[in-house]
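Asks: I'd like to ask some things about the structure below.
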């Protein structure tokens, strides 16, 4: 059984700002947001059921880690990652053809995360999930504002080897003054929301910051992939 007191205590105990533990949590959050780009995305496209089943493994491992005082905050972080993995498996496995469903599916664990925060349990994982979700929301807003949704739909209906012309058309849309303006505005929002919590000492704020700021990294990787197409 998970030690709720230990888990909530570890997430809220103040640490020295910029401490080694805080930076480790930050780096782990960045890594866990980036993982789906390299691992989950190809897995869920070819084996969506396996990707979905792995959610249970992530949750089991996270609960095991949370039950041990020396690893509980790592388990806490992994618990929040499990919900992001679940949402990614559901959407990209079966619903990726409809962009309008992306945010509702990504927010599938939002009520649970809010409940955990209100009960002061699983704070590191819950704030990581919220940071990841916030980054997703900002990215999707950009897609809607710059009218990239039609390209999204087209990309989901073809094989990856045929994606180059569509990606080039999408890039042309991004390079318009309107696209560049909103890229600057929304990147500034991500930077502000991601950096401000770093003045806090609690680990869950560092997990949130890592998840938010890594959105910029992931978006840059997608941009580079489009350039290389």
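Residue numbers (this note's numbering): 177 to 405. Even glycine gets a Cβ: it sits at the ideal position worked out from N, Cα and C.
1) Would you call the region 340-351 and the region 319-331 touching, i.e. three or more CB-CB distances under 8 Å?
2) What would DSSP say about residue 243, mapped onto helix, strand or coil?
3) Taking the straight line between their C-alpha atoms, what separation do you get for residue 246 and residue 240?
4) Would DSSP call residue 195 helix, strand or coil?
5) Take residue 270 and list the residues in its own chain whose beta-carbon comes closer than 8 Å to its own, dropping the five residues that flank it on each side.
6) Quick check: residue 300 and residue 249, are their CB atoms within less than 7 Å of each other?
7) If I'm right that residue 366 touches residue 317 with Cβ under 8 Å, what's the distance once you round it to whole angstroms?
8) Using the beta-carbon count (16 or more within 10 Å), is residue 386 buried or exposed?
9) Return the CA-CA distance between residue 286 and residue 279, expressed in angstroms with no decimal places.
10) Are residue 359 and residue 405 close, meaning C-beta to C-beta below 7 Å?
11) Using CA coordinates, which residue listed in 251, 320, 260 and 218 is at the minimum distance from residue 175?
12) So, helix, strand or coil for residue 351, using DSSP?
13) Would you call the region 203-222 and the region 252-271 in contact, with 3 or more CB pairs under 8 Å?
14) Leaving out five residues on either side along the sequence, give the residues of the same chain with a beta carbon under 6 Å from the beta carbon of residue 277.
15) Within the region 224-279, note down every full alpha helix (DSSP H) run reaching 4 residues or more, in order along the chain.
16) Could you check what DSSP says for residue 333 in three-state terms: helix, strand or coil?
17) Mapping DSSP to helix, strand and coil, what is residue 298?
18) Would you mind reading off the limits of the alpha helix (DSSP H) that contains residue 395?
19) Could you give the DSSP three-state label for residue 324: helix, strand or coil?
20) Ordered along the chain, which non-local residues of its own chain (more than five positions away) have a Cβ less than 6 Å from that of residue 303?
21) Enumerate in chain order the residues of its own chain whose CB-to-CB distance from residue 331 is below 6 Å, with the five nearest sequence positions on each side excluded.
22) What separation, rounded to the nearest whole angstrom, lies between the Cα atoms of residue 275 and residue 281?
23) How is residue 184 classed by DSSP in three states: helix, strand or coil?
24) Does the distance from the CB of residue 133 to the CB of residue 256 come in under 7 Å?
Replies: So, from the listed chains and residues:
1) yes
2) Counting from 1 along the chain shown, the entry for residue 243 is found at position 67. Three-state DSSP puts residue 243 in coil, outside helix and strand.
3) Translated into positions along the chain shown, residue 246 becomes position 70. Translated into positions along the chain shown, residue 240 becomes position 64. One C-alpha to the other measures close to 11 Å.
4) Here the question's residue 195 lines up with position 19 in the chain shown. If DSSP states are grouped into helix, strand and coil, residue 195 belongs with coil.
5) By one-based count along the chain shown, residue 270 stands at place 94. Same-chain partners within the cutoff: 224.
6) What you label residue 300 is simply residue 124 of the chain shown in a count that begins at 1. What you label residue 249 is simply residue 73 of the chain shown in a count that begins at 1. A contact, by the Cβ cut-off of 7 Å.
7) The count along the chain shown starts at 1 and reaches residue 366 at position 190. The count along the chain shown starts at 1 and reaches residue 317 at position 141. At roughly 11 Å, the Cβ-Cβ gap does not stay under 8 Å, so residue 366 and residue 317 are not in contact.
8) Taking the first residue of the chain shown as position 1, residue 386 is located at position 210. By the neighbour-count rule (16 or more Cβ atoms within 10 Å), residue 386 is buried.
9) As a working mapping, residue 286 is identified with position 110 in the chain shown. As a working mapping, residue 279 is identified with position 103 in the chain shown. Those two C-alpha atoms are separated by around 11 Å.
10) In the chain shown, counting from the first residue as 1, residue 359 sits at position 183. In the chain shown, counting from the first residue as 1, residue 405 sits at position 229. Not in contact: residue 359 and residue 405 (Cβ atoms no closer than 7 Å).
11) Nothing about residue 175 can be read from this structure; the chain reaches only from 177 to 405.
12) As a position in the chain shown, residue 351 is number 175, starting the count at 1. If DSSP states are grouped into helix, strand and coil, residue 351 belongs with coil.
13) yes
14) By 1-based counting over the chain shown, the position of residue 277 is 101. For residue 277, where only same-chain residues beyond five positions count, the Cβ hits under 6 Å are 271.
15) 224-242 and 248-266
16) For the purposes of this step, residue 333 is taken as the residue at position 157 of the chain shown. In this structure, residue 333 counts as coil in the three-state DSSP scheme.
17) Numbered from 1 along the chain shown, position 122 holds the residue referred to as residue 298. Correct three-state label for residue 298: coil.
18) Position 219 of the chain shown, counted from the first residue, corresponds to residue 395. It spans 379-404 - the alpha helix (DSSP H) in which residue 395 sits, taken as one unbroken run.
19) Taking the first residue of the chain shown as position 1, residue 324 is located at position 148. Residue 324 falls in the coil class under three-state DSSP.
20) By one-based count along the chain shown, residue 303 stands at place 127. Closer than 6 Å at the Cβ level, and outside the excluded window around residue 303, lie 380, 383 and 384.
21) Indexing the chain shown from 1 puts residue 331 at position 155. Result list for residue 331: 339 and 342, in chain order.
22) Within the chain shown, numbered from 1, the residue matching residue 275 stands at position 99. Within the chain shown, numbered from 1, the residue matching residue 281 stands at position 105. One C-alpha to the other measures close to 10 Å.
23) Numbered from its first residue, the chain shown carries residue 184 at position 8. Legend: pLDDT at residue 184 = 46, less than 50; position of this residue unreliable, value from coordinates given subsequently. In the structure shown, residue 184 sits in a helix (DSSP, three-state: H, G or I).
24) No answer is possible for residue 133: the residues shown for the chain start at 177 and end at 405.
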